[in-house]
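Report on the structure given below.
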Amino acid sequence: MTFFDAKKNGWIIKVTLWMMTFVVMLPFLWLIKQAGPNYIGNARTLFHAQDGLVLVWLKNSAIFTISSLLISVLSSIIGGFVLAVLYIPFRKTLLVITLITMLIPITAMAMPLYVLIDKVHLHDSILGLILASSYYPFGAFLSYLYFSSALPADLVGMGRMDGLGDWAIFWHLGVPLSKSLWAIVSFFSFINLWNSYQLPKVLLDSPTHSTLPIGLELLFGNGGAVVGVLMLMPALALYLVSQRAIERGIFSGAVTG
Amino acid sequence: MIAPYIFLMVFCGFLPLVLAVTEIGKPSWVNLHGSYTTIYKVLTDFRVVPALWHALFLLLCFVPLMIVVVLAISLLLDATAVRGNTFIRLIFLLPGIVPGAIAVFIWNALLSPHVKWQAGNIGWLIGGILFSSSVGSWIVIQYGSLRSISPEVLEAARVDGCNRLELAIQIKLPMISKYIGYMTILLVAGVIQIFVEPNLLTGTGLTTDWSLNQVSYSYAFRNGDFAGGTALALDMLIPSILLAIIFIRRTDFLKKSERT
Numbered sequence: 000m001t002f003f004d005a006k007k008n009g010w011i012i013k014v015t016l017w018m019m020t021f022v023v024m025l026p027f028l029w030l031i032k033q034a035g036p037n038y039i040g041n042a043r044t045l046f047h048a049q050d051g052l053v054l055v056w057l058k059n060s061a062i063f064t065i066s067s068l069l070i071s072v073l074s075s076i077i078g079g080f081v082l083a084v085l086y087i088p089f090r091k092t093l094l095v096i097t098l099i100t101m102l103i104p105i106t107a108m109a110m111p112l113y114v115l116i117d118k119v120h121l122h123d124s125i126l127g128l129i130l131a132s133s134y135y136p137f138g139a140f141l142s143y144l145y146f147s148s149a150l151p152a153d154l155v156g157m158g159r160m161d162g163l164g165d166w167a168i169f170w171h172l173g174v175p176l177s178k179s180l181w182a183i184v185s186f187f188s189f190i191n192l193w194n195s196y197q198l199p200k201v202l203l204d205s206p207t208h209s210t211l212p213i214g215l216e217l218l219f220g221n222g223g224a225v226v227g228v229l230m231l232m233p234a235l236a237l238y239l240v241s242q243r244a245i246e247r248g249i250f251s252g253a254v255t256g
Numbered sequence: 000m001i002a003p004y005i006f007l008m009v010f011c012g013f014l015p016l017v018l019a020v021t022e023i024g025k026p027s028w029v030n031l032h033g034s035y036t037t038i039y040k041v042l043t044d045f046r047v048v049p050a051l052w053h054a055l056f057l058l059l060c061f062v063p064l065m066i067v068v069v070l071a072i073s074l075l076l077d078a079t080a081v082r083g084n085t086f087i088r089l090i091f092l093l094p095g096i097v098p099g100a101i102a103v104f105i106w107n108a109l110l111s112p113h114v115k116w117q118a119g120n121i122g123w124l125i126g127g128i129l130f131s132s133s134v135g136s137w138i139v140i141q142y143g144s145l146r147s148i149s150p151e152v153l154e155a156a157r158v159d160g161c162n163r164l165e166l167a168i169q170i171k172l173p174m175i176s177k178y179i180g181y182m183t184i185l186l187v188a189g190v191i192q193i194f195v196e197p198n199l200l201t202g203t204g205l206t207t208d209w210s211l212n213q214v215s216y217s218y219a220f221r222n223g224d225f226a227g228g229t230a231l232a233l234d235m236l237i238p239s240i241l242l243a244i245i246f247i248r249r250t251d252f253l254k255k256s257e258r259t
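Chains as they are written, first to last, in numbering that gives the first Met the number 0: chain A, 0 to 256; chain B, 0 to 259.
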């Protein structure tokens with residue numbers, strides 16, 4: 000099978016990948032063309048609409064996304080680490096609940112969440128939205144999968160013998176071995192929160208408390224190429240930053256097979 | 000250490016789930032006296048059967064396609080050093096990170112003059128949008144999981160004479176099997192719960208109550224029947240939970256980190 004030889008024919012792989020990429024790229028070239036040609040003018044119109052209410056939404060979205068991002072990433076990665084590596088009671092139960100709560104349709108969860116947020120008097124506030132959105136079971140389970148394969152029990156055992164506590168093991172072994180995990184979990188958490196639609200819609204009432212996706216929908220309906228390009232910008236920036244972590248060698252498993 | 004996570008899990012996950020389950024017992028339009036039989040009575044709704052067929056169509060056509068494409072592209076990216084690798088993943092990721100509304104806007108505008116949408120083919124459009132918006136994220140995740148295989152293992156296999164194809168099928172895929180299981184469960188759940196795409200296409204007049212989740216949404220938010228809506232929402236969970244149970248039974252899905 001010389002065709003698949005590990006040293007030969009790399010160019011076939013490259014050409015295949017680039018061809019597929021080109022096809023996928025077409026709609027976005029169209030979107031960028033659609034947003035122009037007067038990009039700056041279009042963006043300016045957008046920011047001045049409704050006496051600058053768009054800027055208020057942008058601020059709300061930024062506060063909400065950044066706070067929820069910090070809470071969700073830290074809590075879910077640490078949670079996943081504990082579930083994969085440490086001895087805690089009800090470990091499997093917690094994993095199963097994580098899995099189930101991740102799978103429940105938001106349709107079923109939105110109303111009960113509304114009731115709970117209302118009970119703690121955080122209805123129609125960004126704080127309530129932050130609280131309701133910071134649970135990130137997807138990230139926790141991904142972290143659990145990651146640590147359960149990338150951080151072998153041997154290494155944790157050695158750490159214990161050196162007298163490391165739980166936090167020290169996380170800090171000195173878990174964190175250095177999981178750079179790509181941090182990149183991936185933060186990126187997807189960001190996308191989730193930045194584009195978050197159903198929860199803000201249920202939890203926030205007043206226009207001045209609204210977030211960008213909800214507000215823009217009110218203003219423009221489904222359309223708006225400028226809106227599309229604008230919403231993409233922060234996600235693109237974060238992607239490029241976070242992808243630097245995904246290079247073989249920096250983070251790969253500590254112990255071989 | 001895990002306390003913040005457990006607090007969030009209880010407040011935002013477990014408690015709402017309990018509240019949702021208690022909600023089902025209340026009276027519903029399909030079950031005026033209110034009891035847990037609503038869980039299957041709601042399935043007799045005339046809109047549920049076509050929605051089930053739509054879900055089955057997406058499950059059989061698009062889920063396998065998505066799994067194969069994600070794994071193929073991730074393996075290709077991992078097989079050799081490709082210049083512009085980050086850029087390629089970004090392009091595949093783009094449709095997944097634009098808000099759903101924009102994605103539908105693009106697709107509609109690109110296809111509408113050439114294709115006439117009918118009840119018979121609208122499923123392909125929905126599947127296509129779903130496909131394009133899901134594969135990119137999973138390519139990023141699976142590429143990351145492939146990158147976490149230690150280079151020494153791969154080098155050892157190469158020394159033993161593995162070619163690229165054998166390396167991919169015999170070494171790499173088994174090593175990321177947990178992630179593949181996770182992806183499968185989530186893709187199946189996502190397809191059954193599809194909401195945004197058909198909902199944004201309601202302008203065509205073809206996709207009102209097209210998916211199970213839309214029917215569930217109609218119950219809860221259009222008819223104010225939370226019991227019925229929630230019952231249907233929990234019914235939608237059954238396939239993914241069954242799949243999860245199979246993975247837990249058959250693989251080391253929930254095992255702790257082990258000694259090597």
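Virtual Cβ for every residue (Gly too), placed ideally from N, Cα, C.
Residue from the options whose Cα sits closest to the Cα of residue i
| i | options | result |
| --- | --- | --- |
| A:Pro26 | B:Phe91, B:Ile5, B:Trp123 and B:Phe86 | B:Phe91 |
| B:Ile121 | B:Asn212, B:Ser136 and B:His53 | B:His53 |
| B:Asp208 | B:Ala188, B:Val187, B:Leu231 and B:Leu186 | B:Leu231 |
| A:Trp181 | A:Gly162, A:Met230, A:Val81 and A:Ile76 | A:Ile76 |
| A:Phe140 | A:Arg159, A:Lys91 and A:Val114 | A:Lys91 |
| B:Leu74 | A:Leu16, A:Gly40 and A:Arg159 | A:Leu16 |
| A:Phe146 | B:Val97, B:Glu151, B:Ile175 and B:Phe45 | B:Ile175 |
| A:Leu176 | B:Ser147, B:Gly119, B:Ala167 and B:Ala188 | B:Ser147 |
| B:Ser215 | A:Lys32, A:Ile103 and A:Arg243 | A:Ile103 |
| B:Val81 | A:Ala61, A:Ile12 and A:Leu73 | A:Ile12 |
| A:Ile87 | B:Ile1, B:Lys171 and B:Phe61 | B:Ile1 |
| A:Leu69 | A:Ser148, A:Thr20, A:Leu192 and A:Val22 | A:Leu192 |
| B:Thr21 | B:Leu93, B:Thr37 and B:Ala118 | B:Thr37 |
| A:Met230 | A:Val184, A:Val22 and A:Ile31 | A:Ile31 |
| B:Leu199 | B:Val187, B:Gln213 and B:Arg46 | B:Gln213 |
| B:Gln192 | B:Tyr218, B:Ile140, B:Met235 and B:Gly204 | B:Met235 |
| A:Leu52 | A:Ile213, A:Ala234 and A:Ala131 | A:Ile213 |
| B:Trp261 | B:Thr43, B:Pro15, B:Gly202 and B:Leu58 | With chain B represented from 0 up to 259, any question about residue 261 of chain B goes unanswered, as that position is not in the structure. |
| B:Ile87 | A:Thr20, A:Asp161 and A:Gly162 | A:Thr20 |
Classification of residue i by the beta-carbon crowding that lies within 10 angstroms, buried from 16 upward
| i | result |
| --- | --- |
| B:Met182 | buried |
| B:Val29 | buried |
| A:Pro111 | buried |
| A:Lys58 | exposed |
| B:Val48 | exposed |
| A:Pro151 | buried |
| B:Leu55 | exposed |
| A:Gly164 | exposed |
| B:Ile244 | exposed |
| A:His208 | buried |
| B:Leu110 | exposed |
| A:Leu93 | buried |
| A:Leu259 | It is not possible to answer for residue 259 of chain A, since the shown part of chain A is limited to 0 through 256. |
| A:Phe89 | exposed |
| B:Gln141 | buried |
| A:Trp166 | exposed |
| A:Ile39 | exposed |
| B:Val114 | exposed |
C-beta contact flag for residue i and residue j at 7 Å
| i | j | result |
| --- | --- | --- |
| B:Ile184 | B:Ser132 | no |
| A:Ser241 | A:Phe186 | yes |
| A:Thr97 | A:Pro136 | yes |
| A:Gly78 | B:Tyr178 | no |
| B:Ile125 | B:Pro173 | no |
| A:Phe63 | A:Thr210 | yes |
| B:Ile128 | B:Ala102 | yes |
| B:Val190 | B:Ile138 | no |
| B:Ser256 | A:Ala83 | yes |
| B:Thr79 | A:Gly9 | yes |
| B:Asp251 | B:Leu145 | no |
| B:Gly227 | B:Val41 | yes |
| A:Ser66 | A:Ile129 | yes |
| B:Phe130 | B:Phe194 | no |
| B:Thr229 | B:Ala50 | no |
| B:Leu186 | B:Met65 | yes |
| A:Gly158 | A:Leu172 | yes |
| A:Leu198 | A:Ala131 | yes |
Output the residue ranges of the alpha helix (DSSP H) runs that lie fully inside the region 159-196 of chain B and measure 4 residues or longer, sorted by chain position.
176-191
Taking contact to mean 3 or more Cβ pairs, one atom from each stretch, closer than 8 Å, check whether the region 195-215 of chain A and the region 114-133 of chain A are in contact.
yes
Mind listing, in chain order, the continuous alpha helix (DSSP H) runs of no fewer than 4 residues lying wholly within the region 41-114 of chain B?
Secondary structure within the region 41-114 of chain B: the alpha helix (DSSP H) runs of 4 or more consecutive residues, fully enclosed, are 47-78, 84-96 and 99-110 (chain order).
Where are the beta strand (DSSP E) runs, 3 residues long or more, that stay fully inside the region 178-238 of chain A, in chain order?
You should have found no qualifying run.
Please name the residues in the region 83-96 of chain B whose beta-carbon is closer than 9 Å to at least one beta-carbon of chain D, in chain order.
In the structure shown, chain D does not exist; the protein chains are A and B.
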